[in-house]
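Undergrad: Taking my numbering, I'd label the letters of the sequence shown as residues 8 to 166.
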Amino acid sequence: MKIGIVKHLNARPLTWGFEKNKKHEIVPENPAILKDYLLNGTIDLGLISSIECIRNDHVLNTYYGTGVCAREKVRSILFFKNKRENFPPKQILTDNGSKTSVALVRVLIYEESGLIPYVEPTDSKLIQEKFQMESVHTCYLETTLFWQNGIQSFTRSRI
Numbered sequence: 008m009k010i011g012i013v014k015h016l017n018a019r020p021l022t023w024g025f026e027k028n029k030k031h032e033i034v035p036e037n038p039a040i041l042k043d044y045l046l047n048g049t050i051d052l053g054l055i056s057s058i059e060c061i062r063n064d065h066v067l068n069t070y071y072g073t074g075v076c077a078r079e080k081v082r083s084i085l086f087f088k089n090k091r092e093n094f095p096p097k098q099i100l101t102d103n104g105s106k107t108s109v110a111l112v113r114v115l116i117y118e119e120s121g122l123i124p125y126v127e128p129t130d131s132k133l134i135q136e137k138f139q140m141e142s143v144h145t146c147y148l149e150t151t152l153f154w155q156n157g158i159q160s161f162t163r164s165r166i
């Protein structure tokens, strides 16, 4: 059996047993890629973003008894807003590691502005290049966020 595990530290409590037990082939990857692997049959079982479980409930069986969860505040998304720039931004570039984080940033901006933003999951290296070459607004989700000129920040968390 091929099991897709999230390669990030916060998933370690869920993946440690699979990694230690050598009975199965382990495929470590980002949740967004694991979702594709699961849908196309590359893996038999996988830890994927919760938003993708909902989006693909007609194809995927979901076990709701386990997950990366918390009773208190979770700061998995850092949302920065520059008060000197137009809000919401016309374009938001996010890393492409987590579809749940991308969905959450859309919710946060909607709650703040009443508008649903265009969010483009992008390879983090391309975000860095685009940031250096152009004057664009981008967002930081978990690993990579850039917002031009004098960052003023606030953090909001939702589960």
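Don't be surprised by glycine CBs; every beta carbon is placed ideally from N, CA and C.
Taking residue 15 as the reference, which of 131, 36, 31 has the closest Cα?
TA: Of 131, 36, 31, the residue nearest in Cα terms is 36.
Undergrad: Mapping the DSSP letters down to three states, classify residue 144 as helix, strand or coil.
TA: At residue 144, the pLDDT of 47 sits below 50, so the modelled position is not reliable; the number obtained from the coordinates is stated separately. Residue state, collapsed to three classes: coil.
Undergrad: Rounding to the nearest angstrom, what Cα-Cα distance links residue 32 and residue 44 in this structure?
TA: If you take the alpha carbons of residue 32 and residue 44, they lie about 14 Å apart.
Undergrad: To the nearest angstrom, how far is it from the Cα of residue 108 to the Cα of residue 57?
TA: C-alpha separation (whole angstroms): 10 Å.
Undergrad: Since residue 101 contacts residue 114 with CB under 8 Å, what's their CB separation in whole angstroms?
TA: About 13 Å; that fails the 8 Å criterion.
Undergrad: When we look at the beta-carbon of residue 13 and count the other beta-carbons within 10 Å, is it buried (16 or more) or exposed?
TA: So residue 13 counts as buried.
Undergrad: Residue range of the alpha helix (DSSP H) that residue 112 falls in?
TA: Counting along the chain, the alpha helix (DSSP H) containing residue 112 begins and ends at 106–120.
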